[in-house]
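Counting from 1223, one number per residue, gives the positions in the sequence shown under the numbering used here.
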Amino acid sequence: MWITKQTENAEQIKLTDATSKVIIWAINHADSPEISRLGNLTHIPFFQGFSNSDGTILVDTSTSGITVSRQKKTLSCNYPVMQSASPMLPVPSLYNITSWEFQSILQEILGNIDYIALAQKLGLNQIDMDTISGKLIRSHAESSTLQTWIVAETPLPLYNANGNLKALYCHAGNGVFEVKCFKYNDLPGEYPFLFKPRQSGVWFSKYCNFSSNPWQFSTSIYIAQANPGMGWFCTADGADKLDWEILRHMHSEIIFPHYQSDPLFNRTALSEILPILTEAKRHNIKMRVRQVKVREMNPMDFYRGEWVDDNETTILEESELKKRAWEQGIKLDPIWFPKPYEVTLKQKKYNGNLPYFWPAGSIALFESNRADLFMRELLKYLSEKTKENRNIVVVIPNGQDGYIQKFLRCLEKNTAITIVNTEILKDDLEFEMKLREKNADVVFFYAVNDDFNKEFERGIGLAIQTELPIAIFSFSKEGNSPLCEVADHTYIVEGNNPATGFRVENMETGEIKKYLFEPNGDVRIEPGTEEDMVE
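Written out as structure tokens, the structure is:
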């Protein structure tokens, strides 16, 4: 597919929008003293119009449409001289003008016009152009005829889910504009004006294959038009204002262009697609994200498009999107995260990278009066340069930082271990991103007592969403910990001397094993008996 960095010219769109509003306002106030607010114009009450300062140009609205008369200056007067019908005297040149030509008359009289400043001065940015009244009125012809002659460039009709035209946009010059038709209230003829888009919508190319799977969309009109069959998302009024019923029964994906050498562009592209994906989630509509990596053969050529083969595109998982948002400092809507009260019924998964002695379940609870000792030995074994090398994130209760720093000092040079306290659990995204930042293989929760169980329950739920194996180390005994309810397997651990090993009993099967962590970094596991469990 073709990908380009080219974007719309926001200043040009703003200027075109302001120009249309000022011209329409001027036409509807041509017979009012208000017209002088535009500059050096003189209102002519009995003529229902205005003139320039020397009276040589007169704009008259009393006739059908608008008439302009020009005459040579004969007197030093601001008012035009009434001419005789005698053929011996000069007769002024009279002609009707269209609403488009009205702009050239204004510029001839006033010179260079700052339309943006005038629109702000007249308060036109707050006016609904669909409800204006006066000499020029809204005709809505674009909604009934959709005549392509009304735009010089590509028409972009936006339809709702019922197939009715919602708005007519066009791609003209360096931007996309909304087309609105107006007419004189006393003369036939339609005059389209271009405005800044103010409605969200979905545009489908005429080449769209409605049987294709999936349908591809872009937030860039340049990318959408460069790829036949691709649609375009316009979010001028917010992604929440898109007609989501259009997308409910289709398999869709949104294009996410990615330039390795341009992180600012990538952040902008991500910030454009995330609101759409958020609303898709809110409307329970599945939408994939296809990342398109662009080589950027000529970074200095901003307008150049580049062809990207399909094998250079990938589908991004939701976890990767959340990671990108976190890295770019983009705040995600809460809908991206599981609710504390929401129960998801799905098969638990684990990454297959478990220690060989780890049970086939994602949550293992180890209960012991010296759970800290057993946790430390497991940390040493799993994180050191052995065949079981793992990256581990350890979550401890807030307030236990000092003890853990002292107790695990022997592991201070081990970069595979990351320790955080429960303060991180207050931000769902921060905890999840920490797990991904550290490329965690296992998550340890160190529960000093039952007072911290509530804090850990939230963290455990978040860790489950990342599909990582979890180990909980609790000082409760004999299955009394409330965390037993969330654990897949519960174990009682006996032993307070790493040199003599630990005895571990599976509370479900009654199986007992002896763990001896050896100085060379290995672990020896042997069958045990009930006698081994007696201190």
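Even for Gly, the Cβ is constructed at its ideal location relative to N, Cα and C.
Please state the DSSP three-state secondary structure of residue i.
i: residue 1513; result: strand
i: residue 1401; result: strand
i: residue 1357; result: coil
i: residue 1263; result: coil
i: residue 1660; result: coil
i: residue 1231; result: coil
i: residue 1598; result: helix
i: residue 1709; result: coil
i: residue 1541; result: helix
i: residue 1652; result: helix
i: residue 1688; result: coil
i: residue 1485; result: helix
i: residue 1532; result: helix
i: residue 1343; result: helix
i: residue 1364; result: helix
i: residue 1335; result: coil
i: residue 1352; result: helix
i: residue 1459; result: coil
i: residue 1415; result: strand
Just the C-alpha distance for residue i and residue j, rounded to the nearest angstrom, thanks.
i: residue 1229; j: residue 1442; result: 7 Å
i: residue 1550; j: residue 1236; result: 29 Å
i: residue 1223; j: residue 1527; result: 10 Å
i: residue 1750; j: residue 1738; result: 12 Å
i: residue 1533; j: residue 1513; result: 11 Å
i: residue 1589; j: residue 1597; result: 11 Å
i: residue 1398; j: residue 1473; result: 27 Å
i: residue 1241; j: residue 1506; result: 41 Å
i: residue 1288; j: residue 1270; result: 10 Å
i: residue 1665; j: residue 1713; result: 17 Å
i: residue 1384; j: residue 1471; result: 14 Å
i: residue 1300; j: residue 1357; result: Low per-residue confidence applies at residue 1300: pLDDT is 46, beneath 50, and the placement is therefore not dependable, though the value from the model is reported in the following sentence. Spanning the two alpha carbons is a distance of roughly 24 Å.
i: residue 1692; j: residue 1605; result: 15 Å
i: residue 1503; j: residue 1558; result: 8 Å
i: residue 1486; j: residue 1238; result: 28 Å
i: residue 1601; j: residue 1614; result: 8 Å
i: residue 1454; j: residue 1475; result: 11 Å
i: residue 1416; j: residue 1530; result: 34 Å
i: residue 1631; j: residue 1623; result: 12 Å
i: residue 1670; j: residue 1617; result: 11 Å
i: residue 1659; j: residue 1353; result: 54 Å
i: residue 1612; j: residue 1603; result: 9 Å
i: residue 1273; j: residue 1265; result: 7 Å
Of the choices the options, whose alpha-carbon is the least far from that of residue i?
i: residue 1661; options: 1670, 1645, 1623 and 1640; result: 1640
i: residue 1396; options: 1232, 1224, 1413 and 1752; result: 1232
i: residue 1339; options: 1648, 1244, 1494 and 1718; result: 1244
i: residue 1587; options: 1271, 1541, 1602 and 1709; result: 1709
i: residue 1645; options: 1686, 1638, 1631 and 1656; result: 1656
i: residue 1752; options: 1268, 1638, 1745 and 1735; result: 1735
i: residue 1326; options: 1279, 1350, 1286 and 1715; result: 1279
i: residue 1717; options: 1697, 1619, 1484 and 1273; result: 1697
i: residue 1556; options: 1501, 1605, 1509 and 1515; result: 1501
i: residue 1695; options: 1318, 1651, 1667 and 1483; result: 1667
i: residue 1439; options: 1510, 1290, 1480 and 1413; result: 1510
i: residue 1324; options: 1342, 1252 and 1347; result: 1252
i: residue 1810; options: 1400, 1276, 1389 and 1260; result: Since the first residue of the chain shown is 1223 and the last is 1757, residue 1810 is not available in this structure.
Please classify residue i: is it buried, with 16 or more other beta-carbons within 10 angstroms of its beta-carbon, or exposed?
i: residue 1467; result: exposed
i: residue 1386; result: exposed
i: residue 1731; result: exposed
i: residue 1308; result: In this prediction, residue 1308 scores a pLDDT of 38, lower than 50, which makes its location untrustworthy; the coordinate-derived value is nonetheless stated afterwards. The residue is exposed, with fewer than 16 neighbouring Cβ atoms inside 10 Å.
i: residue 1364; result: buried
i: residue 1250; result: buried
i: residue 1212; result: Given a span of 1223 to 1757 for the chain in the structure shown, any question on residue 1212 remains unanswerable.
i: residue 1392; result: buried
i: residue 1621; result: exposed
i: residue 1335; result: buried
i: residue 1747; result: exposed
i: residue 1371; result: Because residue 1371 sits at a pLDDT of 49, beneath the cut-off of 50, its placement in the model cannot be relied upon, and the point is left open.
i: residue 1759; result: No statement about residue 1759 is possible, as the shown extent of the chain runs from 1223 to 1757 and does not include it.
i: residue 1379; result: buried
i: residue 1410; result: exposed
i: residue 1548; result: buried
i: residue 1594; result: buried
i: residue 1322; result: exposed
i: residue 1483; result: exposed
i: residue 1546; result: buried
i: residue 1537; result: exposed
i: residue 1479; result: buried
Evaluate the contact criterion for the region 1458 to 1471 versus the region 1414 to 1424: three or more CB pairs, one atom per stretch, below 8 Å. Yes: at least three Cβ pairs fall under 8 Å.
Specify whether the region 1395 to 1413 and the region 1480 to 1493 touch according to this definition: at least 3 beta carbon pairs, one from each stretch, less than 8 Å apart. no
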